[in-house]
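Chains as they are written, first to last, in my numbering: chain A, 9 to 353; chain B, 9 to 353.
Note that CB positions come from ideal geometry on N, CA and C, so glycine has one too.
Predicted, not measured: the structure shown is a model, and the values here were computed from it.
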DNA sequence: CTGAAAGCGCTAACAG
DNA sequence: CTGTTAGCGCTTTCAG
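Below you can see the structure in the form of C-alpha cells.
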C-alpha cells in the first residue's frame, strides 16, 4: 500500500492522474488516454492502469478537465418556485432527460434572479447550456448578446423575440377545445380565470379560449374575466369567490392553470356550490393532483415529459452543431374529462 | 472598440482577465486582485479595471478559478423524485438557503443512483459538498470512505451509522402527539398506514405512534397496520380501501406521510365513507395541499425551511472548519388540526 | 502598490 | 503504442 499524499495539516490529498500513473508505472498521459478512451493503448498496460484507477478510487478533477475541453457536463435550468405543482413535474422530467445525456442539472429560481444567474453562469462557463422554463419578454434584454447559435433553449413558455429553439405545448388549440366543450354542452354563462400576460402560456390559453368562444358568437362577458395577480391556490380561490357572489353566477369557468382551478373548486366548496352540478370548472396542465379524488379536475394535459426530453435534445444539438437552425415546436395538448366538468348521459 | 478575439471558425472567444488587463493597461494579476478584492490596489487603477470589466462584460472562468481555489461554488442535493409534494418544498427551501450563501444547487435523483453520482461529484471536486435528503442505511457503504470532516450533511432522514451532521424533525414526538390526540378523543379502533422502514422518518413516525399507544394500553391490532410498498397516492388509497372493507373498520388512521393520507381520504370518498364522520385521517409533513379545501388534512408539520437552512449552514461550517464536531439535530414538529380529524364541540 | 512567474490537473499535439 | 510537453485561465507568491 502506498503512502497517501497529505497536506501539511494532515488532510489526505485528492488522488490525481499522476498518482495513478505512478502506481501503474506509466506516464500520466497514458492514464489520460485510458480515461478518455479515444486513443489506442496496449491491452496489458490498459489493464494495469485500470487496476490502479480502481485501487486508488480515482475520479478525474472536473475543473481541470473543463479547462481543456470547455465542457462542464452541467446545464442550468431556470424555473419558478416549485409551489405550482406543474413545475416539479417539469423539473423531474428535465432531470431525467439530462441524466440520460450525462449532464448535471443546476436549478435556478426565476423569482430569485435565476435568469441573470444563468446568464452569468454561461459567461463564466460553469454550465454548458441553459434551459429556460419560465422566460418572459423581460428575459429578452438579458439574452440580447446571444444569437441562435447560443446553447440556450426555452421550454414551456415561448418568447417570440428570442432566437433560440423553443418547445411548448399547443395552448391555443387546447384552450379552444375547452371552449367548444363548454358550448357543446350548452353552458351559457362562461367565465375565465386567467393570470398575468407576461407568461406566454397564459396569454395563449386566454386567447385560444376567448377567440374560440367569440368565433362561435358566444363572447365572454368582460365582467366574467378575472385576472389573478399570480398563479396560486389562493388567487384562484379569491377569483372564484368573486364570480360566485355575482347575482348571475357563471355556469362554467376555465382556469388557465390547474392550480387556479383547484383554488376555484375549493371556493365553490366553501360556498356549498356544487361542482359540476352548479358550475363546471376546467383547468390546464393536468398535474397529478388533478386526477385525485379531492378534485377530479377536467383539464388540458400538456406533454411535460416530451417537452423536457426535446428541450434537452435541442440543447445537445446546439452544442454539437451551433449553426443548425432553431425553431419553435408546439406539442399537442389534449382535453382530459373528469368529474369537475361533465354531463351524465 | 477593440477587436473581439475569434476562433479560426469565427466564433467570438470568451473574454479573459488578460483581455481586461490589456484594455485597462495593467497586468493580468492586477485584474485578479481587483476581482478577488483581498489585496490593496490604488483606487485610480481599480476604477480603470472596473471600467474595463464592465465594458467587456467579463465573467471569470469558473473552472480556472476552481483549480486554484479548490472551491466550485456548487453543492449537490440528493433527493427523491419530486412526486411526493414534500420534496419540492424541501428542495425549494434548500435552493433558497444555498442561494443566500452564494452556492449553486445541483439536483440529483436518489432513485436514479443520485447518491453514487453525488459521491463521484465530490471526488471529482465538481461540488464543494453534498446534502443528502433521502439517505438510508443503504447509503452507509457509499460514504464509508469519509469521516466527520467530510462536507456532507443529512437533512430530513437520519442514518445513525453515518458520522456527518444531520438535521431532521422530531418525528417520534410528533407521532406520539397524534396517538394521544386519538386517545383523548376516544377513538377506539386505531389503524396505521406506514411505508418501508428504510426511511428513518417512516421508522420513527411508526415507532413514535405505536409506542405511545402501547404506553397507554391501547396497542394497535396488527391487522390494522398496513405497510405500503412506497409513499404514493395510490399506495395510500389501496391500503385504506383494504382497511375500510374489513368487517370492523377502524375509526382513526394515522398515515406516516401526507401523500399516503391524501390517498386514504380519496379511498374513503370512493366508498362514501365520511372523513371525519366515520373515520379520522391524520398525515405527516403538512404539505401545502394539506391545507386546501379538497382534503383539509390534520397533520404534523415539519419545519422544512428551517431544516434546509440549518443543513446548508452545517455544510458551510464544515467547509470552513472541517474538524468541528457533528451532531444530530431534531427540530420540533407540531400537530395541525383540520377537518380530516376533529370533534365538533 | 504593481508586474512577472509559477503552477492547479488535465487533454492533446508532437515526437519518438 | 507511449512519453514529453505545452498550455487552458486563474490566484498567489515573489520581487521590485
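Environment of residue i [buried if 16+ CB atoms lie within 10 Å]
| i | result |
| --- | --- |
| residue 350 (chain B) | exposed |
| residue 100 (chain B) | buried |
| residue 155 (chain A) | exposed |
| residue 9 (chain B) | Residue placement at residue 9 (chain B) is flagged as unreliable, the pLDDT there being 36, under the threshold of 50; the coordinate-derived value follows with that caveat. Exposed, by the Cβ-count rule. |
| residue 254 (chain A) | exposed |
| residue 240 (chain B) | buried |
| residue 345 (chain B) | exposed |
| residue 18 (chain B) | Residue placement at residue 18 (chain B) is poorly supported in this model, since its pLDDT is 47, which falls under 50; the coordinates are not used for a value here. |
| residue 214 (chain B) | buried |
| residue 279 (chain B) | exposed |
| residue 11 (chain A) | Bear in mind that the predicted position of residue 11 (chain A) carries a pLDDT of just 46, short of 50, making it unreliable; the figure below should be weighed with that in mind. Exposed: under 16 other Cβ atoms inside 10 Å. |
| residue 16 (chain A) | Low local confidence applies: a pLDDT of 46 at residue 16 (chain A) is under 50, so the model's placement there is unreliable, and no value is given. |
| residue 23 (chain B) | buried |
| residue 212 (chain A) | buried |
| residue 333 (chain B) | exposed |
| residue 65 (chain A) | exposed |
| residue 59 (chain A) | exposed |
| residue 48 (chain B) | exposed |
| residue 29 (chain B) | buried |
| residue 25 (chain B) | buried |
| residue 27 (chain A) | buried |
C-beta contact flag for residue i and residue j at 8 angstroms
| i | j | result |
| --- | --- | --- |
| residue 103 (chain B) | residue 115 (chain A) | yes |
| residue 201 (chain A) | residue 236 (chain A) | yes |
| residue 4 (chain A) | residue 38 (chain A) | The displayed coordinates of chain A run from 9 to 353. Any statement about residue 4 (chain A) would go beyond what the structure contains. |
| residue 119 (chain A) | residue 88 (chain A) | yes |
| residue 84 (chain A) | residue 144 (chain A) | no |
| residue 300 (chain A) | residue 160 (chain B) | no |
| residue 330 (chain B) | residue 287 (chain B) | no |
| residue 272 (chain A) | residue 244 (chain A) | yes |
| residue 293 (chain A) | residue 310 (chain A) | yes |
| residue 137 (chain B) | residue 323 (chain B) | yes |
| residue 320 (chain B) | residue 186 (chain B) | no |
| residue 179 (chain B) | residue 142 (chain B) | no |
| residue 317 (chain B) | residue 105 (chain B) | yes |
| residue 295 (chain A) | residue 175 (chain A) | no |
| residue 315 (chain A) | residue 75 (chain B) | no |
Candidates the options: closest to residue i by CA position
| i | options | result |
| --- | --- | --- |
| residue 57 (chain B) | B:46, B:40 and B:133 | B:40 |
| residue 81 (chain A) | B:110, B:96, B:133 and B:35 | B:133 |
| residue 34 (chain B) | B:50, B:22 and B:331 | B:50 |
| residue 189 (chain B) | B:348, B:29, B:23 and B:22 | B:348 |
| residue 354 (chain B) | B:172, B:44, B:52 and B:165 | Any answer about residue 354 (chain B) is impossible in this case: the structure gives chain B only from 9 up to 353. |
| residue 196 (chain A) | A:229, A:126, A:167 and A:180 | A:229 |
| residue 298 (chain A) | A:108, A:94, A:153 and A:126 | A:94 |
| residue 194 (chain A) | A:221, A:164, A:170 and A:174 | A:221 |
| residue 191 (chain A) | A:226, A:352 and A:152 | A:226 |
| residue 275 (chain B) | B:246, B:262, B:256 and B:263 | B:246 |
For residue j and residue i, believed in contact at Cβ under 8 angstroms, the rounded distance
| i | j | result |
| --- | --- | --- |
| residue 312 (chain A) | residue 97 (chain A) | 5 angstroms |
| residue 339 (chain B) | residue 216 (chain B) | About 15 angstroms; that fails the 8 angstroms criterion. |
| residue 111 (chain A) | residue 140 (chain A) | At roughly 16 angstroms, the Cβ-Cβ gap does not stay under 8 angstroms, so residue 111 (chain A) and residue 140 (chain A) are not in contact. |
| residue 123 (chain A) | residue 150 (chain A) | 6 angstroms |
| residue 265 (chain A) | residue 117 (chain A) | The pair is not a contact, with the Cβ atoms about 19 angstroms apart (cut-off 8 angstroms). |
| residue 203 (chain A) | residue 268 (chain A) | 7 angstroms |
| residue 281 (chain B) | residue 252 (chain B) | 6 angstroms |
| residue 54 (chain B) | residue 42 (chain B) | 6 angstroms |
| residue 302 (chain B) | residue 302 (chain A) | 3 angstroms |
| residue 170 (chain B) | residue 148 (chain B) | 6 angstroms |
| residue 173 (chain B) | residue 335 (chain B) | 6 angstroms |
| residue 71 (chain A) | residue 71 (chain B) | 5 angstroms |
Checklist line | Near-chain B residues of the stretch 113-126 of chain A - C-beta to any C-beta below 7 angstroms | finding: 113, 114, 115, 117 and 120
Check: Residues in the stretch 289-311 of chain B with C-beta within 8 angstroms of chain A's C-beta atoms, listed in sequence order?
Finding: 296, 297, 300, 301, 302 and 303
Item checked: chain A contacts made by the stretch 131-148 of chain B, where a contact means CB separation under 8 angstroms -> 131, 132, 133 and 134
Checklist line | chain B contacts made by the stretch 87-109 of chain A, where a contact means CB separation under 8 angstroms | finding: 89, 90, 91, 93, 95, 96, 97, 99, 100, 103, 104 and 107
Next item on the list: Scan the stretch 217-241 of chain A for residues whose Cβ lies nearer than 9 angstroms to a Cβ of chain B and list them as they occur along the chain.
Entry: 241
Next item on the list: Anything in the stretch 43-69 of chain A with a Cβ closer than 9 angstroms to a Cβ of chain B? List those residues in chain order, please.
Entry: 65, 66, 67, 68 and 69
Check: Name the residues in the stretch 199-219 of chain B whose C-beta lies less than 7 angstroms from a C-beta of chain A; which are they?
Finding: none
Checklist line | Contact residues within the stretch 151-177 of chain B, judged by C-beta distance below 9 angstroms to chain A | finding: 153 and 157
Notebook entry, point to check: Taking any Cβ of chain A, which residues in the stretch 25-43 of chain B have a Cβ under 7 angstroms from it, in chain order?
Noted result: none
Margin query: Residues of the stretch 239-263 of chain B in Cβ contact with chain A at a cutoff of 7 angstroms, in chain order, please.
Written below: 241
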